Amino acid sequence: MAIGQSKQRLDAEAKVTGRARYTDDMGLPGMRHAAYVHSTIAHGMVLSIDASEALALPGVEAVFTADDVPGFLFPTAGHPYSMDPSHGDVADRLLLTKHVRYYGDEVAVVVARDGLTARKAAHLVKVEYEPLPVMTSAETALAPGAPVLQPSVNPDGNLLKQHTLECNGTLDEALAAADVVVEGAYRTPTMQHCHLENQTAYAYMDDMRHIVIVSSTQIPHICRRVVGQALGIPWSSVRVIKPYIGGGFGNKQDVVLEPIVAFLTMKLDGAPVSMELTREECMLCTRVRHAFAMTARAGATKDGKLLGYGLDVLSNTGAYASHGHSIAAAGGSKVCYVYPHATYRFSAKTFYSNIPVGGACRGYGSPQTAYAIECLMDDTARALGMDPLDFRLKNTGRNGDISPLNGKPVATLGISDCLEEGRKKFRWDERKAACKAFNEEAVRTGSPLRRGVGVSAFSYGSGTYPANVEPGSARLILNQDGTVNLMTGATEIGQGADTAFAQMVSETLGVAYENIHVISTQDTDITPWDPGAYASRQTYTCAPAVHAVADGLRRKLLDYAAEMTGHTPAALTIAPTAQGDAVVFVRNPESVVVTLHDLAMDSFYNKDRGGQLSAEASFKTRQNPPSFGGCFAEVEVDIDLCKVRITHILNVHDAGVIINPALATAQVHGGMGMGIGWALYEELLVDPATGRVHNNNLLDYKFPTTCDIPDLACAFVETQEPSGVYGNKSLGEPPLISPAPALRNAVLDATGVAVNAIPMTPKLLFEEFVKAGLIKG
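Structure (structure tokens):
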């Protein structure tokens, strides 16, 4: 049995020894290097560009402006192509622009013999602008008469899209029947992914019709299509190769550098051209998490029954659409499974503004919406005088409850079990009582310290169906020595998907995990089709294809063994020995008839029979089971210093069957760390008057290091998801969702102050504590 075992990651040794080769390790002789000329205003028109000084610099080969690039508007979001034009990603970007829409927009590009020269030359390019009004908020961008940022998308204003969703009746009726109605306004910030490997890509032409791009992308197959759209060339003339990748968290679910390097190699007769963004460029000019401004309402009976809740969202997508309104839409739909019996209303507007571009970021809108809803749930419980955990357990769903979205039963709805498990493991009742006693003593002695506990819950999806097509594809090949090679289009970006797939193959095929080699490099000319790594989808949506190829190759092996030995296929099975060698057994009486090594050699080299044994499968998933979980946190707040210290934190997850417990735990710990950073530290600071970002560097942008993260605890409530081949559901993004509201609720429990915005920095806490009268301003 391989499923459920903590197998070592397939890429562990390559990464820790430095043998793993990333995009920047794979340069070519004669490589040229490119650097952008970024705008120094947030909004305006380019009047003129003088590149004479740059071109005079030794080593500079070319400078290109918006006058030189193709005039095709293209989308950059990493979604599969939609057959419905009205559902497709918004095409609102050119390779270079004359209409500057944010501070750092790309107005020109320089190509030189080395990177340093390219950057020096970029600084020598002189650009004259006509400034236009800067709009960084909904109040300015949606004001009557505001300058239109994207006239090709909406000629009448800066609203990108809006929609409303309502389930289980109407919210107005639910609130009218409630004994208690609670309202709140909540804000979440713009943040940056801060993945370890910066955005980087290079391109060359292996003939004058075929462009090869090597890139740190999460979405190689989608990237291929977008490059074709941007350049107006056939998609098949683009080949994208993804080697090892140093993290993405959604930032690399956008097509950022690939179109420009493809354009440059075409302009330079196929010469290889590389572009690697600096950290400062990555933080300013790639993608960020959407800032949400939210108002919420909830109504409940006096005995704690939640009758209805609603959320109105303003989502700031920045200068270009990227993933645009789909972030808010997904955030509104994925969180509504926790309280399936209550009326739910969600309304959202997404607007353009003059700030960095919002895109996919771990959780894809759900962290923002779950933050508001779970803060609202605590506020409602507080208004009722109920324990917030008891209030949630009274209203959360159970297995078989009906989905508020599609009216179908949810087979594995484990949120109540997660909360009950968390209650025990966290010792909720004991800690809550201890915090109350601690605070009473602190008040008596005049101590500035307070302690509190908080809880939050969440639900999430296991893919994007039915919003998008959800294919998964795989190919499995028997090698001469009896080992097997697995190739999928699913991209490993550090989350452990390759390892999970190897365990699935081992489980189904009967070959030892150590004898399964997963080809981690994706190549769109070779690897099977898969949209890529996003939406926590891959181990769920690709599993049917992996199972199919493993089962298909197993059948072929048994048929071939039967041909070799004279047994019937039904009498045979495959299993590894204690030494790890795969052998074919006769079932009864049990005896070895042939080793897989000998079978493979016969299939390859016997003159009269055989051939290479392989299997290939592609499968479109038409299910999207939600995963569930929650976070329990205890904090100590120093009121005088306006600081929060986490003393204990626990995440509990229902992710179906856990394929690899060690990897699952690591995934949860990583998500919890990001969630803590979002809750307490991280925010990209934009000057509202100029649109300039103050802290697009790792000195001024604060996120937690290992010294700032407390001991992290996690637990799993395993369910057997019937729609999953191996019973598993999503786990990649969910760990990030619940820490922020749990920490906010713990601060509320500790101080009595409802801090309705994050990050809860000392600056924000000072303002809130002054308003609450806890300290003097």
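In this text, residue positions in the sequence shown follow UniProt numbering: the first is 1, and each later residue adds one.
Note that the Cβ used here is the ideal one computed from N, Cα and C, for glycine as well.
The structure displayed is predicted, hence computed values, not measured ones.
Helix, strand or coil for Arg645 per DSSP?
-> strand
Would you check if the distance between the CB atom of Ile260 and the CB atom of Ser216 is smaller than 8 angstroms?
-> Taking 8 angstroms as the Cβ cut-off, Ile260 and Ser216 do not qualify as a contacting pair.
Have a look at Lys267 and Pro147 and give me their C-alpha separation to the nearest angstrom.
-> Cα to Cα, Lys267 sits roughly 35 angstroms from Pro147.
Express the C-alpha separation of Tyr681 and Val181 in angstroms, rounding to a whole number.
-> Going by the C-alpha atoms only, they are around 32 angstroms apart.
According to DSSP, is Arg744 helix, strand or coil?
-> In the structure shown, Arg744 sits in a helix (DSSP, three-state: H, G or I).
Can you tell me the Cβ-Cβ gap for Ile241 and Val214, rounded? I've got them flagged as a contact below 8 angstroms.
-> The pair is a contact, with the Cβ atoms about 5 angstroms apart (cut-off 8 angstroms).
CB-CB under 6 angstroms to Thr164, same chain, minus the five flanking residues each way: which ones, in chain order?
-> Cβ within range, chain order: Ser347.
Only counting runs of 4 or more residues, tell me where the alpha helix (DSSP H) segments fall wholly within the stretch 616 to 697, in order along the chain.
-> 661 to 680
Under the three-state DSSP convention, the category Val443 falls into | Three-state result, Val443: helix.
Segment contact flag, the stretch 501 to 508 with the stretch 188 to 206, C-beta cutoff 8 angstroms, min 3 pairs | no
Where does Met294 fall in DSSP's three states?
-> strand
Leu95, DSSP secondary structure in three states = coil
Between the beta-carbon of Thr621 and the beta-carbon of Tyr465, is there less than 8 angstroms?
-> yes
At what residues does the beta strand (DSSP E) containing Cys167 begin and finish?
-> 159 to 167
Find the nearest neighbour of Leu774 within the set Ile639, Arg555, Glu139, judged by alpha-carbon distance.
-> Closest by alpha carbon: Ile639.
Which of helix, strand or coil does DSSP assign to His597?
-> helix
To the nearest angstrom, how far is it from the Cα of Gly400 to the Cα of Lys729?
-> Going from the Cα of Gly400 to the Cα of Lys729 covers about 16 angstroms.
Less than 7 angstroms between the CB of Tyr364 and some heavy atom of the ligand GTP, yes or no?
-> Among the components modelled here there is no ligand, and therefore nothing to report on the ligand GTP.
Might you give, ordered along the chain, the residues of its own chain that have their beta carbon closer than 6 angstroms to the beta carbon of Pro722, omitting 5 neighbours on each side?
-> Ala411
By Cβ distance below 8 angstroms, which residues in the same chain neighbour Thr751 in space, the five residues on each side in sequence not counted?
-> Contacts found: Arg450, Gly452, Val637, Ile639, Phe769, Ala772, Leu774.
Roughly how many angstroms lie between the CA atoms of Leu159 and Pro741, to the nearest whole one?
-> 29 angstroms
Three-state secondary structure (DSSP) at Pro735?
-> helix
In the DSSP assignment, what residue or residues form a beta bridge with Asn468?
-> DSSP output for Asn468 lists no bridge partner at all.
Measure the alpha-carbon distance for Val686 versus Glu130 and round it to whole angstroms.
-> 21 angstroms
Taking C-beta to C-beta, are Leu731 and Gln667 nearer than 8 angstroms?
-> Yes, these two residues count as a Cβ contact at 8 angstroms.
Where Asn728 sits in the DSSP three-state scheme | strand
Complete runs of the alpha helix (DSSP H) confined to the stretch 161 to 237 [at least 4 residues] | 171 to 176, 220 to 231
Please go through the stretch 470 to 551 and give each complete alpha helix (DSSP H) segment of 4 or more residues, from N-terminal end onward.
-> 497 to 509, 538 to 541
Quick one: what's got a C-beta closer than 8 angstroms to Ala54's C-beta in the same chain, skipping five residues either side?
-> Val60, Val63, Val110, Ala121, Ala122, Leu124, Val125
What is the rounded straight-line gap between the Cα of His99 and the Cα of Val46?
-> 6 angstroms
Taking the alpha carbon of His290 as the point to measure from, which residue in Glu183, Met672, Ser137 has its own alpha carbon closest?
-> Ser137
Roughly how many angstroms separate the alpha carbons of Pro739 and Lys252, rounded to a whole number?
-> Looking at the two C-alpha atoms, the distance is approximately 24 angstroms.
Coarse secondary structure for Arg423, derived from DSSP in three states | helix
Going by DSSP, name the residue or residues bridged to Ile241.
-> Ile241 is bridged to Val214, Asp523.
Output the boundary residues of the beta strand (DSSP E) element that contains Thr576.
-> Checking the displayed sequence, the identity of residue 576 turns out to be Pro instead of Thr. 572 to 576 is the span of the beta strand (DSSP E), which, as asked, contains Pro576.
Near Ser447, which residues of its chain fall below 7 angstroms by C-beta distance, leaving aside the five closest residues on each side in sequence?
-> none
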